[in-house]
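Written below as structure tokens is the structure these notes are about.
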């Protein structure tokens, strides 16, 4: 015999209570932290954009992973352990193999230089998706494309535009099953969703979250499909776009990534520091 009421009660009892989370400071004294990504080798990488560095955060503490990073912003790994980076200063997307060799994947579209690639995600089937807004000097200095773009790079290296929104696209993430692509828009204060077909091409654009307080930036999903969006706070939404919780951080957050051996640590890059909160749910790595 089933007892639906008891099942609902049990589910509620084991649901994450975001109100009691305590943010632990993991690194500080940086200029502006962004682009966190967890390596399966047991460490976190994050960008310090103005310092032109990628930092490695391990059990031994923070250390410079890459100097002269070309204004590295968003980062991600694929299932082969290769690092993908959005370089805002050189206006390109690169991939670094495990030997340290750097390959340029995108720097132009239809013969014109990109604005300033911002955030990136790679699917398990090697489809690459990234945003290309224009913030700061990149809005006017030598700008060649007259639109903000969300792009798709196929496994064969072909680059296509997914969308040209009026506002600036920023954070980008995939659902746990890789069937939905999420894109945050900083100007419109919303998050759009796209269905991913078998060929990796996104379609069926729709807004699933609107009216976000603050400037929506980086985001990630957990294994249940919940979406963690950094803005004034870290806002947690259900797969249906319903706000289910908020996470307070001492500084304004810019991006986040799941990490630790159990993937239950949410690392949050926030201005001069990196913080971590421990959750009762695992993160969903896209690779």
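Residue numbers (the numbering used here): 37 to 323.
Where a beta carbon is used, it is the ideal one built from N, C-alpha and C, also for glycine.
| query | result |
| --- | --- |
| Have a look at residue 129 and residue 141 and give me their C-alpha separation to the nearest angstrom. | 6 angstroms |
| Just to confirm the assignment, what range does the beta strand (DSSP E) spanning residue 188 have? | 185 to 189 |
| Kindly give me the distance between the Cβ atoms of residue 70 and residue 290, rounded to whole angstroms, as I take these residues to be in contact under 8 angstroms. | 5 angstroms |
| Going by beta carbon distance, what residues of the same chain come within less than 6 angstroms of residue 118, once the five residues before and after it are set aside? | 131, 133 |
| Hey, which unbroken runs of the beta strand (DSSP E) at 3 residues or more fall wholly within the segment 85 to 150? | 89 to 94, 97 to 103, 108 to 113, 119 to 123, 128 to 132, 138 to 142 |
| Would the segment 137 to 152 count as touching the segment 167 to 183 if we require 3 or more Cβ pairs under 8 angstroms? | yes |
| Quick check on DSSP: helix, strand or coil for residue 56? | helix |
| For residue 277, which residues from the same chain have a beta carbon less than 6 angstroms from its beta carbon, with the 5 sequence-adjacent residues on both sides left out? | 244, 245 |
| Skipping 5 residues on each side, what residues in its chain have a beta carbon closer than 7 angstroms to that of residue 309? | 61, 63, 64, 66, 69, 287 |
| On the criterion of 16 or more Cβ atoms from any shown chain inside 10 Å, does residue 105 qualify as buried, or is it exposed? | buried |
| Which stretch, first to last residue, makes up the beta strand (DSSP E) that contains residue 154? | No beta strand (DSSP E) holds residue 154; DSSP gives it neither H nor E. |
| Indicate the three-state DSSP secondary structure (helix, strand or coil) for residue 173 in the structure shown. | helix |
| Taking the DSSP output, what are the residues bridged to residue 196? | 188 |
| Please tell me whether residue 191 and residue 162 are closer than 8 angstroms, where the distance is taken between their beta carbons. | yes |
| Bridge partners of residue 285, per DSSP? | Per DSSP, none; premise fails for residue 285. |
| How long is the line joining the alpha carbons of residue 259 and residue 216, rounded to whole angstroms? | 13 angstroms |
| Going by CA-CA distance only, name the one from 57, 124, 54, 58 that's closest to residue 85. | 124 |
| Which stretch, first to last residue, makes up the beta strand (DSSP E) that contains residue 206? | 205 to 210 |
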